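There are 2 protein chains.
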Amino acid sequence: MFAPLQNDSFLRACLRQPTEHTPVWLMRQAGRYLPEYRATRAKAGSFMGLATNTDYATEVTLQPLERYALDAAILFSDILTVPDAMGLGLSFALGEGPKFAHPVRDEAAVAKLEVPDMDKLRYVFDAVTSIRKALNGRVPLIGFSGSPWTLACYMVEGAGSDDYRLVKSMLYSRPDLMHRMLAINADAVALYLNAQIEAGAQAVMVFDSWGGVLADGAFQTFSLAYTQRVLRQLKREHEGQRIPHIVFTKGGGLWLEEIAGIEPDVVGLDWTVNLAQARQRIGARVALQGNLDPNVLFAQPDQIRAEVTRSLESFGTPSATSGHIFNLGHGISQHTPPESVSVLVDTVHEVSRRLRRAA
Amino acid sequence: MFAPLQNDSFLRACLRQPTEHTPVWLMRQAGRYLPEYRATRAKAGSFMGLATNTDYATEVTLQPLERYALDAAILFSDILTVPDAMGLGLSFALGEGPKFAHPVRDEAAVAKLEVPDMDKLRYVFDAVTSIRKALNGRVPLIGFSGSPWTLACYMVEGAGSDDYRLVKSMLYSRPDLMHRMLAINADAVALYLNAQIEAGAQAVMVFDSWGGVLADGAFQTFSLAYTQRVLRQLKREHEGQRIPHIVFTKGGGLWLEEIAGIEPDVVGLDWTVNLAQARQRIGARVALQGNLDPNVLFAQPDQIRAEVTRSLESFGTPSATSGHIFNLGHGISQHTPPESVSVLVDTVHEVSRRLRRAA
Numbered sequence: 007m008f009a010p011l012q013n014d015s016f017l018r019a020c021l022r023q024p025t026e027h028t029p030v031w032l033m034r035q036a037g038r039y040l041p042e043y044r045a046t047r048a049k050a051g052s053f054m055g056l057a058t059n060t061d062y063a064t065e066v067t068l069q070p071l072e073r074y075a076l077d078a079a080i081l082f083s084d085i086l087t088v089p090d091a092m093g094l095g096l097s098f099a100l101g102e103g104p105k106f107a108h109p110v111r112d113e114a115a116v117a118k119l120e121v122p123d124m125d126k127l128r129y130v131f132d133a134v135t136s137i138r139k140a141l142n143g144r145v146p147l148i149g150f151s152g153s154p155w156t157l158a159c160y161m162v163e164g165a166g167s168d169d170y171r172l173v174k175s176m177l178y179s180r181p182d183l184m185h186r187m188l189a190i191n192a193d194a195v196a197l198y199l200n201a202q203i204e205a206g207a208q209a210v211m212v213f214d215s216w217g218g219v220l221a222d223g224a225f226q227t228f229s230l231a232y233t234q235r236v237l238r239q240l241k242r243e244h245e246g247q248r249i250p251h252i253v254f255t256k257g258g259g260l261w262l263e264e265i266a267g268i269e270p271d272v273v274g275l276d277w278t279v280n281l282a283q284a285r286q287r288i289g290a291r292v293a294l295q296g297n298l299d300p301n302v303l304f305a306q307p308d309q310i311r312a313e314v315t316r317s318l319e320s321f322g323t324p325s326a327t328s329g330h331i332f333n334l335g336h337g338i339s340q341h342t343p344p345e346s347v348s349v350l351v352d353t354v355h356e357v358s359r360r361l362r363r364a365a
Numbered sequence: 007m008f009a010p011l012q013n014d015s016f017l018r019a020c021l022r023q024p025t026e027h028t029p030v031w032l033m034r035q036a037g038r039y040l041p042e043y044r045a046t047r048a049k050a051g052s053f054m055g056l057a058t059n060t061d062y063a064t065e066v067t068l069q070p071l072e073r074y075a076l077d078a079a080i081l082f083s084d085i086l087t088v089p090d091a092m093g094l095g096l097s098f099a100l101g102e103g104p105k106f107a108h109p110v111r112d113e114a115a116v117a118k119l120e121v122p123d124m125d126k127l128r129y130v131f132d133a134v135t136s137i138r139k140a141l142n143g144r145v146p147l148i149g150f151s152g153s154p155w156t157l158a159c160y161m162v163e164g165a166g167s168d169d170y171r172l173v174k175s176m177l178y179s180r181p182d183l184m185h186r187m188l189a190i191n192a193d194a195v196a197l198y199l200n201a202q203i204e205a206g207a208q209a210v211m212v213f214d215s216w217g218g219v220l221a222d223g224a225f226q227t228f229s230l231a232y233t234q235r236v237l238r239q240l241k242r243e244h245e246g247q248r249i250p251h252i253v254f255t256k257g258g259g260l261w262l263e264e265i266a267g268i269e270p271d272v273v274g275l276d277w278t279v280n281l282a283q284a285r286q287r288i289g290a291r292v293a294l295q296g297n298l299d300p301n302v303l304f305a306q307p308d309q310i311r312a313e314v315t316r317s318l319e320s321f322g323t324p325s326a327t328s329g330h331i332f333n334l335g336h337g338i339s340q341h342t343p344p345e346s347v348s349v350l351v352d353t354v355h356e357v358s359r360r361l362r363r364a365a
């Protein structure tokens, strides 16, 4: 059905197999920093107009690959499609974050929650298949979802928050409601990611974007346990191919051992984590993905090269049993100069080849 | 000049001396969650009107002590008074964070920066003396400032930020400018805290509120090194009394050993840190302050008691060489029910006495 893969460096690194260079992709690589993305979005009228249209979603997913020698593509979508399918009414006002029309703030609202019919997310699976065909084997395609806890944050708050007061109030005062919501989210996310795998996703990533706002103890109980519930239900193989599972908890650097303990293939790291220390702590069990501060891309080319090189060197010499996927520690900023991304990608490839030759 | 201290449990814990109970105070304990604070603020007209008036600043500093059995008072002021004295024009719109009228965004603006004349901060030192007198020896008074890096964040961004793009762009593209600004900030903060000590502050705290947004490597170079530059210049004694130095880096849990390495007396912890692990990592060298999630205070009394007890137990049995100061992991929310604070404070005292008896 799909063309054979020409560049499997990303998938190999996920499974800690040897690669000729360190593969690289960037969170939100298909995004507003690209003028061609802004042009397509203008045609689509809105973010959800873009995400729900197979042709547009395919077009923008491939845009960064035309410019840069990236080693993976990631489905153009949003982390919050699952609660939208639950009927919460997702929208994006221009220049603002996501918003839910019907936040979940009391017992009655939680009681109404159900794992949504996956047919409501058909547009995502169609996009996955369309993108996979359009990629024609150039690089692998990554599918994704928000983590159960991250979905719950938005479902309760109704939007982004700077203190997570509403969702944490529910967590501390009505843990029963929170557990019910998280169990539903976990089962929905697992179905959703498995359907993406069936539609053609060659790896899947769980974005625990707000796990890091939880207290120690609460993180393990209300975020990690439900990400584990997702992983336990995920396909590990599809049509004879291993499907790597990536878990990224922003702000989760203190809990790396516990995150590795739920047995993803890859752990995503933000920029607060020292790559050499992370490798020492969990690098024998999982591959590592990350972790440059996206703000480095606002510096001059020489400075970008120096920071990328420092990052690659800090991971240390790759060996047959170590995996590193270069990425940012968060989504790329909409204000990023597109030329900076060329410098980053080319430097990752050049320097990582040099480091392998020197080893 | 000042009355003798009746409750020195906070100061003793800072120096890891034995105490009969775990002392407790709360960041932002004199704040908007208290109706009496809102009444005084209404009289003052604005936040800066409150902070610059000795009588008002004294009144609001003492308000939480009338309600709760807190073991320390903290000067009512803001972390950003130093750049205000540099001429940047600090203001607070109602319901919003701080704002600078004249942000520092280019070489010319950095060139103009100077350590301000401490006379411009006389209102702070007057407030310290007035509060110390009004306390009449009940509990010790803590002085404070933002860290050099945290000041720089606001000085460059001009306000709060969710990505710190402007200040990090300067850091990565013009590190020379950033180092110059940080050196000036550090020297100014040191002078400022020493003047607070001379005016009557019995401990001083450096709030590195935004240290945790930096990448590993950048944190050490651009935040910690300049907090160290502050500490090296600070008085360790005043009129025969040891003046404990507290450093709190929000989001700094990965760097605790390095923070302890600049030799503060106390390291503040946010709620992402496991207290038992933190004690094992650095508890032999410094006292620990923290670290309850302020959102726990939105739960019911029994749940608050359970979380506070869990936190005290996780620190473990106090011994003659261990210090724990109970606090939140961040400032108390303006939406907190005042009764929740009674539950917290009383539980800390009761449970910590019980744990000492059981030891």
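Quick note, the sequences are listed as chains A and B, same order. In this text, residue positions in the first sequence follow this note's numbering: the first is 7, and each later residue adds one. In this text, residue positions in the second sequence follow this note's numbering: the first is 7, and each later residue adds one. C-beta atoms are modelled at their ideal positions from N, C-alpha and C, and glycine is treated no differently. These figures come from a predicted structure and were not determined experimentally.
For MET211/B, the secondary structure class from DSSP, reduced to helix, strand or coil, is strand. In the structure shown, GLU243/A falls within a strand segment according to DSSP collapsed to helix, strand and coil.
DSSP places ILE338/B outside both helix and strand once states are collapsed to three, so it counts as coil.
Taking ARG242/B as the centre and dropping the five residues before and after it, the same chain places the C-beta of ARG248 and ILE249 closer than 7 Å to its C-beta, in chain order. Under the DSSP definition of a beta bridge, ASN333/A partners with ASN297/A. In the DSSP annotation of this structure, GLY166/B is not part of any alpha helix (DSSP H), being labelled neither H nor E. Taking PHE131/B as the centre and dropping the five residues before and after it, the same chain places the C-beta of ALA201, GLN202 and ALA205 closer than 7 Å to its C-beta, in chain order. With a cut-off of 8 Å on Cβ pairs, the segment 280-298 of chain B is in contact with the segment 258-267 of chain B, counting three or more such pairs. Measuring C-alpha to C-alpha distances from LYS174/A to each of PHE98/B, TRP277/B, GLU113/B and ALA140/B identifies TRP277/B as the nearest. Taking each of PRO154/B, THR135/B and ILE137/B in turn and checking the Cα distance to VAL121/B, the smallest one comes out for PRO154/B. Contact annotation for GLN309/A against chain B: TYR178 and SER179 [CB-CB distance below 7 Å, chain order]. For HIS341/A, the chain B residues whose C-beta falls within less than 7 Å of its own C-beta are ARG171, listed in chain order. Using a Cβ-Cβ cut-off of 8 Å, ALA117/B does not count as an interface residue toward chain A, since no Cβ of chain A sits closer than that to its own.
For GLY329/A against CYS20/A, the beta-carbon gap comes to about 6 Å, under 8 Å, which counts as contact.
If you check the CB distance, VAL314/B and THR342/B do not come in under 8 Å. Nearest Cα to ASN297/A within the set GLY37/A, GLY55/A and TRP31/A: TRP31/A.
A distance below 8 Å separates the beta carbons of PRO300/B and HIS336/B. CA-CA distance, TRP261/B to ILE331/B, rounds to 20 Å. The alpha-carbon of LYS126/B is positioned some 27 Å away from that of LEU230/B. Between the segment 217-228 of chain B and the segment 154-169 of chain B, the count of C-beta pairs closer than 8 Å reaches three or more; the two stretches touch. In this structure the segment 84-92 of chain A does not lie against the segment 163-170 of chain A, because fewer than three pairs of beta carbons, one per stretch, are closer than 8 Å.
The three-state secondary structure of ALA36/A, taken from DSSP, is coil. TRP277/B belongs to the set of residues whose beta carbon lies under 8 Å from a beta carbon in chain A. The beta carbon of SER175/B falls within 8 Å of a beta carbon belonging to chain A, placing the residue at that interface. By the C-beta density criterion, THR323/A is exposed, having fewer than 16 other C-beta atoms within 10 angstroms. Interface flag for GLY257/A against chain B is set, since a Cβ pair is found closer than 8 Å. In the DSSP annotation of this structure, PRO181/A is not part of any beta strand (DSSP E); the continuous alpha helix (DSSP H) holding it starts and ends at 181-205. Three or more beta-carbon pairs separated by less than 8 Å are not found between the segment 91-100 of chain B and the segment 66-79 of chain B, which leaves the two stretches without contact. Annotation: the continuous beta strand (DSSP E) that includes THR255/B extends over 251-255. Going by DSSP, VAL292/A is part of no alpha helix (DSSP H) at all; its letter is neither H nor E.
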